[in-house]
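Per the UniProt record's numbering, the sequence shown starts with residue 1, numbered consecutively.
A virtual CB, placed ideally from N, CA and C, is assigned to each residue, including glycine.
This one's a predicted model, so the numbers in the text were calculated from it and none came from an experiment.
Below: the structure, in structure tokens.
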Amino acid sequence: MTQQNIFIFGAGYSGKAFARDRPQGVRVSGTTRTVEKFAGLEAAAIEPLLFDGHLTSEIRARLAETTQLVVSAAPGADGDPVLDVARDAILHHMPALRWIGYLSTVGVYGDHGGKWIDETAECRPKPGRSQARLDTEQAWHELGEEVGRPVAILRLSGIYGPGRNAFVNLENGTAKRLIKKDQVFNRIHVDDISGALWHLLDADRGGIYNVTDDEPAPPQDVVSYAAALMGVDAPPEIPFETAQLSPMARSFYGENKRVANTEIRATGYEFRFPDYRAAFDRMWADGSWRGEGKSDRRSPIRQG
């Protein structure tokens with residue numbers, strides 16, 4: 001069997017979860033923008049490489065051996081930080097490349113007034129970050145066609161998991177229950193991002209996939225559920241209209257949709273955590289909610 005050499009541009013929270021799930025014998029390399037983050041990548045068994053927007057000789061060497069490429073770097077003001085600099089390598093210097101995965105966002109759909117949508121829905125992104133994501137998706141799709149390799153676009157909803165969840169927010173006092181009538185959001189546990197990536201990668205499968213849970217829910221319900229598991233009072237309700245929010249946060253609440261995971265389920269993928277309750281129950285029971293190396297589930301606010 002051919003050695004699998006996977007390269008991740010932007011090996012952050014999702015990339016580390018993906019690498020920890022790798023089968024034995026698979027090598028994973030990944031980039032970060034700061035040397036201070038090398039230890040975190042190494043803890044996930046990722047060979048860390050520094051990427052400042054230019055391909056170093058070390059990165060070029062790893063790309064020449066890469067069999068699967070995962071791109072988790074968000075586009076910036078000047079576009080995709082990866083595509084322009086890696087294009088020549090992908091076209092001419094990556095002979096082993098079989099598959100490309102790009103992590104995008106359900107934000108490309110824009111607002112649909114709370115209706116159910118799937119991968120066939122019209123994309124109505126707002127100018128700025130969401131439009132840049134959609135433009136980048138298209139650019140990766142076109143590059144895949146040019147090199148004759150499948151490109152899987154994974155549109156992710158709100159990411160949570162160990163170290164990044166309502167339990168943590170309740171413990172550190174940042175949890176809020178904003179109430180906006182009929183507002184719902186989808187979300188996705190990081191382990192299901194990893195699972196979906198491996199599922200698509202192993203089958204060399206391209207296409208567009210909504211990687212999101214089965215239950216879009218009001219955000220205040222998620223906080224209340226976590227508080228009940230912790231045995232603490234949920235924070236008071238705050239009307240959205242009077243809430244002090246950043247422009248970005250208020251914009252986030254300006255989109256309302258129920259996103260279906262039709263295409264990824266059609267491939268046979270079974271979600272590890274199909275809704276937030278299943279995930280929260282597991283994280284609280286096994287103590288993983290605090291994050292890697294912090295497995296004590298007891299909360300200081302619960303111990304009193």
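>> According to DSSP, is H54 part of a helix, a strand, or is it coil?
In response: Here residue 54 is taken as the residue at index 54 of the sequence shown, counted from 1. H54 carries a coil assignment under DSSP once its states are collapsed to helix, strand and coil.
> DSSP three-state call for N172: helix, strand or coil?
Replying inline: Here the question's residue 172 lines up with position 172 in the sequence shown. Of the three classes helix, strand and coil, the one that applies to N172 here is helix, per DSSP.
> Any heavy atom of the ligand FAD closer than 7 angstroms to the CB of N169?
Replying inline: Here there are no bound small molecules, and the ligand FAD is not part of this structure.
> From W99, R87, R133, pick the residue whose C-alpha is nearest to that of H54; which is it?
Replying inline: For the purposes of this step, residue 54 is taken as residue 54 along the sequence shown, with counting starting at 1. When each option's Cα is compared against that of H54, the closest is R87.
> Going by the CB atoms, is the gap between L49 and E42 shorter than 8 angstroms?
Replying inline: Sequence index remark: in the sequence shown, residue 42 carries index 42 (1-based). Sequence index remark: in the sequence shown, residue 49 carries index 49 (1-based). No, the pair does not count as a contact, with Cβ atoms beyond the cut-off.
>> According to DSSP, simplified to helix, strand and coil, what is V35?
In response: If you number the sequence shown from 1, residue 35 lands on position 35. Residue state, collapsed to three classes: helix.
>> Per DSSP, what are the beta-bridge partners of S104 in this structure?
In response: In the sequence shown, counting from the first residue as 1, residue 104 sits at position 104. Residue pairing by DSSP places S104 opposite R155 in a beta bridge.
>> Between A64, D275, G161, T174, which has its C-alpha nearest G15's C-alpha?
In response: Looking up residue 15 in the sequence shown gives position 15. Of A64, D275, G161, T174, the residue nearest in Cα terms is G161.
>> For V147 and G25, what's the separation of their Cα atoms in angstroms?
In response: The residue you call residue 147 lines up with position 147 of the sequence shown. The residue you call residue 25 lines up with position 25 of the sequence shown. Near 27 angstroms, if we compare the C-alpha coordinates of G25 and V147.
> If you run the structure through DSSP and keep just helix, strand and coil, what is H189?
Replying inline: Reading the sequence shown from its first residue, position 189 is the one you call residue 189. The answer is strand: DSSP assigns H189 an E or B state.
> If you follow the alpha helix (DSSP H) that E241 is part of, which residue opens it and which one closes it?
Replying inline: Looking up residue 241 in the sequence shown gives position 241. That residue, E241, is in no alpha helix (DSSP H); it is neither H nor E in DSSP.
>> Less than 8 angstroms between the C-beta atoms of R272 and D202, yes or no?
In response: Taking the first residue of the sequence shown as position 1, residue 272 is located at position 272. Taking the first residue of the sequence shown as position 1, residue 202 is located at position 202. R272 places its beta carbon 8 angstroms or farther from that of D202.
> Roughly how far, in whole angstroms, is the beta-carbon of L63 from the beta-carbon of A39, given that I think they are within contact range, below 8 angstroms?
Replying inline: Looking up residue 63 in the sequence shown gives position 63. Looking up residue 39 in the sequence shown gives position 39. The beta carbons of L63 and A39 sit about 23 angstroms from each other, so the pair does not count as a contact at 8 angstroms.
>> Going by beta-carbon coordinates alone, are F185 and P150 separated by less than 8 angstroms?
In response: Numbered from its first residue, the sequence shown carries residue 185 at position 185. Numbered from its first residue, the sequence shown carries residue 150 at position 150. Contact flag unset, no.
>> Within a Cβ cutoff of 6 angstroms, which residues of the same chain sit near P81, ignoring the five residues on either side of it in sequence?
In response: Counted from its first residue, the sequence shown places residue 81 at position 81. Closer than 6 angstroms at Cβ, skipping near neighbours: G53, A73.
> Run through DSSP, which three-state label would R149 get?
Replying inline: Taking the first residue of the sequence shown as 1, we reach residue 149 at position 149. Note: R149 maps to coil in three-state DSSP.
>> Spatial neighbours of I208 within its chain, please: C-beta separation below 6 angstroms, excluding the five flanking residues on both sides.
In response: For the purposes of this step, residue 208 is identified with residue 208 of the sequence shown, where counting begins at 1. So the list reads E119, I153, once near-sequence residues are dropped.
> How about G76 and N256: do their beta carbons lie closer than 8 angstroms?
Replying inline: For this step, residue 76 is matched to residue 76 along the sequence shown. For this step, residue 256 is matched to residue 256 along the sequence shown. No, Cβ-Cβ distance for G76 and N256 is not below 8 angstroms.
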